[in-house]
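Working notes for the structure below.
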Amino acid sequence: MQAYWRYRGKSSPRDEAGDRWHLLPFHMLDVAAVMEALLDQRPAWVAVCAASLGWDVAQFRAAAVYFALLHDLGKFARSFQSILPPGSADLVPVDRAPRYAERHDTLGYLLWMDHLRSNLPAEVLPAAEHARWEAWIRIVCGHHGRPPREGDSKRLYADDHFLPDDMAAALAFACDAAALAGPLPQPADDLDPRIAWQLAGLMVLADWLGSNQFHFPYRALPMALADYWADHARPAARRAVTASGFAVCRSAAYVGADQLTDFIPYLSAPTPLQRYAATAPLAEGPQLFLLEDVTGAGKTEAALILAHRLMAAGLADGLYFALPTMATANQMYRRVGGVYRKLFVKGEQPSLVLAHSARQLVEDFALSVQRGGRPYARDDASASMSCNAWLADSNKKAMLAQAGVGSIDQALLAVLPVRYQSLRLIGLSSKVLVVDEVHSFDPYVRTLLGGLLRLHAAQGGSAVLLSATVPERIKRELLNAYRQGLAQPDLNQPFPSAYPLASHLSSGNFHQRACETRREVKRRVRVEQLHDEAEVIELIVRQAQAGRCVCWVRNTVNDARRAFDLLKDIVPQGQLHLFHSRYAMGHRLEIEDQVLDALGKDSDRAMRAGRVLIGTQVLEQSLDFDVDVMVSDLAPIDLLIQRAGRLQRHVRQANGDLWPGEIAAERRVEQRPEPVLYVYGPQPDGDAKGDWYGRLFPDAQYVYPDFAALWQTQQALLAAGYIVSPGEIGEAGAVRQLVEAVYGGASERETPPALQEAANKCLGEAMSERSMALFNELDWEKGYCEDSSKHWVEDSGVATRLADETKLVYLAEVRDDALQPLCQSADSRVQWQLSALRVDAKRLKDLSPAWRQRWKAHLDRLAQEQPWLSEYDLVLPLVAGECAGVWLGQGVDARGREVELRYSLELGLLWK
């Protein structure tokens, strides 16, 4: 019997019925078989990869499968074997084992570099010592989501971790297993870095699926490698890939521009932008569309049409909707969820994953990994534990589903040095990347988005960008980033001032076309300025008592709560709603449903009359609601335009009812009084001082620190008196005119010097943010190696947003002597997601020492049962408060100061 049968690969059985461990050769074959099955699903990609190396397809497949067979070489280290639970006398003894000081992925790379490559016979691997094979071993050894360590100033040596017997056993396995892969080629050209990153993503996925005990039960007794490969590993791998939901689905044929209702049933009268999306000629190869139109013009449906066409043309096999915040995801699901299956051939089983939704990617697979495995050592989680954590976070699952909806943050992590970055990359590589609200990102996020667009283009991916108010300089920046990924020179020509506007970019062409917009969203909103809070309250009460529905969008959660407190004793109970980001997701969804029932598109006068909605920025992006009267705190012009889009959004009769369906579309006109946006802000002041904005908004001044842009916004609205959507070129109040007046240097009013200082400071910070983003961004052209970044971290350890660093907190309470998720659901698997919310990491860093000690036994038990919950995030135990619907807890902030926490169904999470 070969010595390699004395080594274990897995030792965390899912139950007591089977074997206690899985022999290492079996696990390595399991994972290689999954890699083979994943390649089977990507024949076109495999052909491209093979051609790039000068190999035929069989040679590329053989190399990929062979190196996958070697992915866990590091587990042959006696130091690794020593940290596993006690075994039997048939296994290698561990009494002389060195200390386990390096992760097993790095140990595998060391073993290759120091021993295997110089000892593998040429008949096993031709020219094994050739440097070009090093890229392959880095990829497979980096199967835990980051490249293996190669040492910095201190050289790492295999001899410090492996005994001579370990090295001999590993070499014997590497020789014997080669026959399973097929004849291996001579090393060819350098591995294209784009292929390297995608192979790394497939390797991570192969390791995860190959670690699933449901499909690959533990086997503790040896058998012939060829028999296990043929009779167990390969059949199980095909089942695992099919059950995982990660399989490639065939795309449906395009329904045609005249049959759009077969795709999106309610598009019987497509908007001009949607007609453009349905008829514009597609280019060959990767391409980008940038669609600019007013709020409510159907940009989402236009993006879906383009995705449908690109997929039907064989230019993509799925889509990912990247949204500015998680609050937008639930509403996007309402629109994508009804049509995504029509992107695929009838009979296919595509997955749609929505961040924080109650849907699971693949139920059987999710259930099979619920228990996960034990971590081998600190910072060395098992594959099943990592897979369990990933699947539990539906935000991340969205990257691998055929149709995904999630935050822009998850997409940006594909270009940052975080664990499992390559898995995100492979998830995006063949999808249409749709990015909504591209105007809304700060310089740091926008710079990372540029990096993502460069890499997506270089990988052959297509993209659709959407915006209502993107300034020209940002538009040029994003278009040129994609051009750079296509290895094309930057665009320097002036862009047309037309609005709405569709831009189409490919390697060979760049076209821009002016579009009309639909009649229902052409509007002229009068703007009135308010400067006294009591005046705002009086206005809201007066309008509500007159039977109108009113919304006040505030710039901070504290301001929204203050307004709610001022109104709750005046507005009748049940008529006042508060909505912001500091509710657990389950409670937030309940509030969303209440708001949409009362103020959504299908609401009637009885539901709408007298309703008052107080909320924060999440309202301008997430909910398709419609109010009669809108008040907003002074904010940058693009946000005010967005907020105005929720004012009389749907055409209604004078009493607030929708027009009956039998009334012809051309007769359905808005009959409510002229729409007015009331802007609450400081008094206009031509010589404003530095505290001009902060005096009125002491919290919001930190949210919008560019006081010059706020001052220019107020001045532009005072001069125009209206927001005109879309407006004509040069028309006062036209959307394009307002945006460029504030952001494009088109203003005729000189900013007061004290406010210009704030603008200059913001400009300096923007330059710093761009530099930080460039510093953080991966140098993907170096290939999958440690040198692509010097600071690889966990995905919770790098910022996708500098100004909004948050911590994911799971709210829990004790029931049946165990910590249970605060939000209950009929589907027990999503209760923790429904009980989660994000908080400012500076405000809440951890539990207080006393609170952690009080709940230590409960927390320890939960960590055993659900290790993914607390691996990187925080579980917050709560106790019932003084009245129903209130819970209390204790934590510490980033400075270590104790924080009293209070969670309320009415107000959300508060601290003091």
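Quick note: the sequence shown uses this note's numbering, first residue 1077, plus one each step.
Beta carbons: idealized from backbone N, C-alpha and C, even for Gly.
Would residue i be called buried (16 or more neighbouring beta carbons within 10 Å of its own) or exposed?
i, result
"residue 1955", "exposed"
"residue 1633", "buried"
"residue 1087", "buried"
"residue 1069", "What is shown of the chain runs 1077 to 1988, which leaves residue 1069 out entirely."
"residue 1344", "exposed"
"residue 1663", "buried"
"residue 1731", "exposed"
"residue 1952", "buried"
"residue 1794", "exposed"
"residue 1725", "buried"
"residue 1089", "buried"
"residue 1851", "exposed"
"residue 1974", "exposed"
Looking only at C-alpha atoms, which of the options sits nearest to residue i?
i, options, result
"residue 1172", "1178, 1156, 1180 and 1185", "1156"
"residue 1149", "1080, 1201, 1138 and 1095", "1080"
"residue 1704", "1681, 1111, 1325 and 1483", "1681"
"residue 1381", "1371, 1362, 1368 and 1416", "1416"
"residue 1324", "1974, 1090 and 1477", "1477"
"residue 1216", "1427, 1419, 1195 and 1182", "1182"
"residue 1568", "1641, 1555 and 1352", "1555"
"residue 1587", "1124, 1333 and 1356", "1356"
"residue 1563", "1544, 1531, 1577 and 1578", "1531"
"residue 1599", "1718, 1491 and 1801", "1801"
"residue 1165", "1096, 1082 and 1191", "1082"
"residue 1607", "1756, 1574, 1971 and 1856", "1756"
"residue 1863", "1118, 1145, 1136 and 1211", "1211"
"residue 1330", "1386, 1351 and 1268", "1386"
"residue 1175", "1190, 1153, 1189 and 1195", "1153"
"residue 1624", "1723, 1258 and 1759", "1723"
"residue 1234", "1220, 1188, 1273 and 1213", "1188"
"residue 1861", "1575, 1214, 1813 and 1660", "1214"
"residue 1091", "1190, 1289, 1106 and 1920", "1289"
On the three-state DSSP scale, how would you describe residue i?
i, result
"residue 1932", "helix"
"residue 1086", "strand"
"residue 1436", "Because the pLDDT at residue 1436 is just 32, under 50, the model does not fix this residue reliably, and the value given afterwards should be weighed accordingly. If DSSP states are grouped into helix, strand and coil, residue 1436 belongs with coil."
"residue 1974", "strand"
"residue 1180", "helix"
"residue 1641", "helix"
"residue 1897", "strand"
"residue 1442", "Caution is warranted here: a pLDDT of 32 is assigned to residue 1442, below 50, making its placement in the model unreliable, and the coordinate value is therefore given only provisionally. DSSP places residue 1442 in helix when its eight states are reduced to three."
"residue 1604", "strand"
"residue 1923", "strand"
"residue 1646", "coil"
"residue 1498", "helix"
"residue 1220", "coil"
"residue 1813", "helix"
"residue 1745", "coil"
"residue 1573", "coil"
"residue 1081", "helix"
"residue 1889", "strand"
Note the first and the last residue of the continuous alpha helix (DSSP H) segment covering residue i.
i, result
"residue 1122", "1119–1129"
"residue 1663", "1661–1675"
Give the range of the beta strand (DSSP E) segment to which residue i is assigned.
i, result
"residue 1251", "Where residue 1251 is concerned, there is no enclosing beta strand (DSSP E), although the alpha helix (DSSP H) it sits in stretches over 1240–1252."
"residue 1799", "1798–1801"
"residue 1543", "1539–1543"
"residue 1953", "1950–1956"
"residue 1627", "1626–1629"
"residue 1707", "1705–1709"
"residue 1963", "1962–1968"
"residue 1578", "1577–1582"
"residue 1367", "1363–1368"
"residue 1114", "It is not in any beta strand (DSSP E) - residue 1114 instead sits in the alpha helix (DSSP H) that spans 1100–1116."
When you measure from the CB of residue i to every non-hydrogen atom of the ligand GDP, does any distance come out below 8 Å?
i, result
"residue 1326", "The ligand GDP is not part of this structure, which contains no ligands at all."
Kindly identify the DSSP beta-bridge partner or partners of residue i.
i, result
"residue 1990", "Outside the displayed range of the chain (1077 to 1988) lies residue 1990, so it cannot be described from this structure."
"residue 1691", "1629 and 1655"
"residue 1916", "1882"
"residue 1398", "1482 and 1511"
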